[in-house]
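Protein chains in written order, with the numbering used here: chain B, 117 to 218; chain E, 117 to 218; chain D, 28 to 161; chain Z, 28 to 161; chain G, 48 to 177; chain S, 48 to 177.
Built from N, CA and C at the ideal position, the CB exists for glycine as well.
First up is the structure itself, then whatever we jot down about it.
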Amino acid sequence: MAMLHIVNKSPFERVAFKSCLDHALAGDSILMIEDAAVGATDGTIFSEELKAAMADKSVYVLGGDLAARGVSEDRMIDGIKVVDYAGFVNLTVENDTTQSWV
Amino acid sequence: MAMLHIVNKSPFERVAFKSCLDHALAGDSILMIEDAAVGATDGTIFSEELKAAMADKSVYVLGGDLAARGVSEDRMIDGIKVVDYAGFVNLTVENDTTQSWV
Amino acid sequence: MATKKFMYVNRKAPYGTVYALEALEVVLIAAAFEQDISLAFIDDGVYQITKEQSTDGIGMKNFSATYKALGDYDINKIYVEKESLDDRGLTADDLMPLVWEDEDDDWAEKPSIKIVSREEMAAVLAAQDVHYSF
Amino acid sequence: MATKKFMYVNRKAPYGTVYALEALEVVLIAAAFEQDISLAFIDDGVYQITKEQSTDGIGMKNFSATYKALGDYDINKIYVEKESLDDRGLTADDLMPLVWEDEDDDWAEKPSIKIVSREEMAAVLAAQDVHYSF
Amino acid sequence: MKFTVMINEGPYQHQSSDSALQFCRAVLAEGHDIFRVFFYNDGVNNGTRLSVPPKDDRQLQKEWSQLAKDHSLDMVICIAAAQRRGLMDASEAERQGLDANNIIDGFHISGLGQLIEGSIQSDRTVIFGD
Amino acid sequence: MKFTVMINEGPYQHQSSDSALQFCRAVLAEGHDIFRVFFYNDGVNNGTRLSVPPKDDRQLQKEWSQLAKDHSLDMVICIAAAQRRGLMDASEAERQGLDANNIIDGFHISGLGQLIEGSIQSDRTVIFGD
C-alpha cells in the first residue's frame, strides 16, 4: 500500500517535515505544498536529509507554492518533480492512502 | 535595557524557542507559556541548551501551563522559577521591553 | 457500510491548540460507526495522554479523563512512539494507564497502550485506510 | 506624541500564513505616526523579501512589491539575519533590492537592507522600545 | 474516484483554505467526484457570508459558496466547532435564541458523523490544516 | 503602568485568547491600567456574539465582553482583518450592504492606527499569537 505524504510546513520552522521523513516507507511519495515548498531548495541545512529520503521515495513539490516563495526551479534538489494541482490530484489517486503531516 | 522574552511554542515542535535563546542577551528573562511550558522539563533533547542559557539569563515558566501538560514541578530543570499570571505581569513591569517569539 | 481502518494521528500538545480536543471529539463519534479505529501519539502528541494533567491554572476544561473512556467504546489500539517519549524525557510511567476489558477473555482488563519504536509506528501507519490528522 | 523605536520582527514565510501580509499592513499605517521604525527578517521571515515571487499558481495576491515602497515612507532600517539566509541556501542576491533616497545627500539612492549576524541582530532587537511580532 | 476533503483552518490566516479550494477544483476538473467537503476546527469560519475582503484580494468564502452551487457539492460545517466559533444558520440561531445568523449559501451545518461517513463512502480522504 | 495588549488568534483554536484574557485580568488585579486591547488577524474572531460553546466549556467571547464592561476597557477589532473574516458591527454591515452583523458588546471596530497609538501611549505592549 503506497502512501502519499502531504507536508505543508517549512522544514526550518517545524518538526513536521522531519517527522514525515522519519515515518515514510520505501516506495512512498512525498508532496511539498504551502510553506513546505521551500524544502525543495538545494544547499540548505535540510537538503541532505531530503536527498537521503529520495533514495527510495519519490518527492514532489507544488510549483505554484515554490514560485510564490521566490525559489526558482533551478535551485531545487535534482530529482524533485514539480506538479500542479492536477498532478496533486493524480498523486492522491495513484497512491492507496494519503496522510497530511499538519 | 533588560528584555522579557515570551515564548509559547514547544521547543520540540518549532524553531521559535531556539531562535529566542539565540537572540536573548545576558541579563534578559525568558518566560515559557502555553505549549512552551514543556520546555521546562529536565532530561530532554532540549534541556542542555536551556541550561546553557540559564548561565546568564533568568528563566520562568507559567505554572498553570506546566501543570496542564502533566509535567510536575519536580521534573523541571533546577533554577527555573514558576510564576502565576500576577508574576507574568510583574515580569513585564520589571523588564524594559517584552518580545513575543510567536 | 464497509469497514475501514481509521488512524488518528496526534502530534500536538494539548491546550496550546484545540486540535487534541477536537480530534478526541471525532474519535468518540467514530465509535458509533463500527470501524477499525487506532490512535497514534507521535512528537508532542504524547503530552495528550500524560497523567496528572491539571488545568486549574489556565481556565480550560481538563479533558484528559476522556481518553480513559475510550476502552469502553472498544477503542483499544493506542500506539505511542518510544522515540517521542525519550526525546521529551518521558517514559511509559508518565502516561495514563489506558485499559479495556476483553469480552472474549472473561472481561479481563488489558492495556490499550502499545509503546512502539519509530520503525514500528511507520509500519502501523502504512497499514491504515484513512489517516486523520488535525 | 512621543517617538518610540518600533521593531517589526518577521519570522514566517509569506503566503502559507497571513502574518507577513498583515504585518506589512501595520508597517504602512505606522509610517504616518512618525515613529522610529525598523524591520527584522529572521528565520523563515527572509522568504518575505525574496525576489521574483510569483503567485500565479496559488490564486493569492503577490504583495512583495509593497516592500519596495517602504523606502518612500522613510522606512529604511531593514535588518536581515545572515545565519537565516545561510541555513536556507540563500544570499543577499536572492533578496529584492530595497532602497531609499537620502534627502540629506542630494536624494542619493541607498540600500535599506543591512545583512547582520545573529549576534548583531540580538543587539538591534535589544535597542528597541516596542517589538511587534505576528 | 470519490473524495472527501476536510479543512481545519479558517480563510486568510492559513493557506489551507486556498489549497483545499484549488485541490477541489482540480479534483472536479480531472473528472473525479467530491462526496463531501467537511469544515472542522477553525475551518468553519470559511462559511460566513459577512466577509468583505479588499477588492483586489480573493473572496474565499464566496468562492467556496460558488463552487458548491456550480457542482452541487455537499459542504458541511461541523456543528460543535461552529457553536464555539459563532457560525450559525437561521434554524440553529433561532434554536439558540440568537438575533442573527451568518452562514453563506452552499454550506450547511451538521454533525461529526458526516466526516466519518464521508471517509467510509469515499475512496480518498484528503486533509488540509495548519 | 499602562498596557496595550494585542491578540492575533481567534478563540478556542489557539490558547492565545485564553492567555491574553488571564493576563489582562492580572494586569488589572495588580493595579495597572489597560490602555487598549487590540484584536488583529484571526484575533478579530474573539468579538462575535453568535458563539454558543458547550455549557461546561469557557465562554471566551462573552468573557472578553464582560471584562470590557467591568473595567470600561477600550477593545478594538481591526477593521481590515474583520472585513476579511466576516466580523461586522451594525454600521459597518449597513455600509457594506450586508443583512446581518455579529459583533458582541464591548468591542468596537477601528483602524490599525489604534494599535500604533496604543503602543505609543502605553508603557508596555504585550503580544499574544500563534
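- Inclusion of G:Leu-107 and G:Leu-75 in the CB contact set at 8 angstroms is not warranted, their separation being larger than that value.
- Residues of chain S whose Cβ lies closer than 9 angstroms to the Cβ of E:Thr-214 are, in chain order, Arg-171, Thr-172, Val-173 and Ile-174.
- Under the DSSP assignment, G:Arg-142 falls in the alpha helix (DSSP H) whose first and last residues are 137-142.
- Residues of chain S whose Cβ lies closer than 8 angstroms to the Cβ of Z:Glu-52 are, in chain order, Ala-127 and Leu-159.
- Between Z:Val-126 and chain S, the shortest Cβ-Cβ separation is not below 8 angstroms.
- The beta carbon of Z:Val-157 lies closer than 8 angstroms to those of Lys-31, Lys-32, Phe-33 and Met-34 in the same chain, with the five residues before and after it left out.
- In this model, G:Ile-167 and G:Arg-83 are separated by some 11 angstroms (Cα to Cα).
- Shown here, D:Leu-122 sits in a strand according to DSSP, grouped into three states.
- The count of Cβ pairs closer than 8 angstroms, one atom from the segment 48-59 of chain D and one from the segment 140-158 of chain D, stays below three, leaving the stretches out of contact.
- Checking the DSSP bridge columns, you'll see G:Ile-81 partnered with G:Phe-50.
- Ranked by Cα distance from E:Asp-172, the options E:Ser-145, E:Arg-130, E:Gly-203 and E:Asp-200 are led by E:Ser-145.
- For the segment 95-157 of chain G, the continuous alpha helix (DSSP H) assignments of 4+ residues that do not extend past its boundaries occur at 107-118, 126-132 and 137-142, in sequence order.
- E:Leu-207 and Z:Ile-56 have their alpha carbons spaced roughly 30 angstroms apart.
- Residues of the segment 142-169 of chain E that bring their beta carbon within less than 7 angstroms of a beta carbon in chain S comprise Ile-149 and Glu-150, in sequence order.
- Within the DSSP secondary-structure output, D:Tyr-106 pairs in a beta bridge with D:Ala-67 and D:Lys-141.
- Look at the segment 183-205 of chain B: the residues with a C-beta under 7 angstroms from a C-beta of chain G are Tyr-201, Ala-202, Phe-204 and Val-205.
- At a beta-carbon threshold of 9 angstroms, the residues of chain S lying near Z:Ala-29 are Ile-167 and Gln-168, ordered along the chain.
- DSSP lists E:Leu-147 and E:Ser-216 as the bridge partner or partners of E:Ile-122.
- From the listed residues E:Ile-196, E:Phe-204 and E:Glu-210, the smallest Cα separation to E:Ala-168 is found for E:Ile-196.
- Spanning the alpha carbons of G:Pro-100 and G:Gly-90 requires a straight line of approximately 17 angstroms.
- Cβ-Cβ separation between D:Tyr-106 and D:Ala-67: approximately 5 angstroms, consistent with a contact (criterion under 8 angstroms).
- Below the 7 angstroms Cβ cutoff, chain S contributes Asn-55, Asn-88 and Gly-176 as neighbours of Z:Phe-161, in chain order.
- Listed as beta-bridge partners of G:Thr-172 by DSSP are G:Thr-51.
- With fewer than 16 other Cβ atoms from the protein chains shown falling within 10 Å of its own Cβ, S:Asp-146 counts as exposed.
- A residue is called buried when at least 16 other Cβ atoms come within 10 angstroms of its Cβ; D:Pro-41 meets this threshold and is buried.
- Look at D:Tyr-42 here: in three-state DSSP terms it is coil, with no helix or strand label.
- Excluding five sequence positions before and after G:Lys-49, the CB atoms of its chain that fall closer than 6 angstroms to its own CB belong to Asp-80, Phe-82, Ser-169 and Asp-170, given in chain order.
- DSSP places B:Phe-204 in the uninterrupted alpha helix (DSSP H) bounded by 201-210.
- For B:His-139, DSSP assigns no beta-bridge partner whatsoever.
- Near chain G, meaning a CB-to-CB distance below 9 angstroms, the residues of the segment 102-116 of chain S are Asp-104, Leu-107 and Gln-108.
- Of G:Gly-160, G:Lys-102, G:Asn-149 and G:Val-173, the smallest CA-CA separation from D:Ala-59 is found for G:Gly-160.
- The Cβ atoms of S:Leu-162 and S:Phe-85 sit closer than 8 angstroms to each other.
- Comparing alpha carbon positions, the residue from E:Val-154, E:Asp-151, E:Phe-162 and E:Glu-189 closest to E:Leu-137 is E:Phe-162.
- According to the DSSP secondary-structure assignment, D:Thr-77 is paired through a beta bridge with D:Leu-122.
- In the structure shown, D:Tyr-35 adopts extended strand secondary structure according to DSSP, grouped into three states.
- Proximity of chain B to Z:Glu-130 at the Cβ level (cut-off 9 angstroms) is not reached, the minimal Cβ distance being about 31 angstroms.
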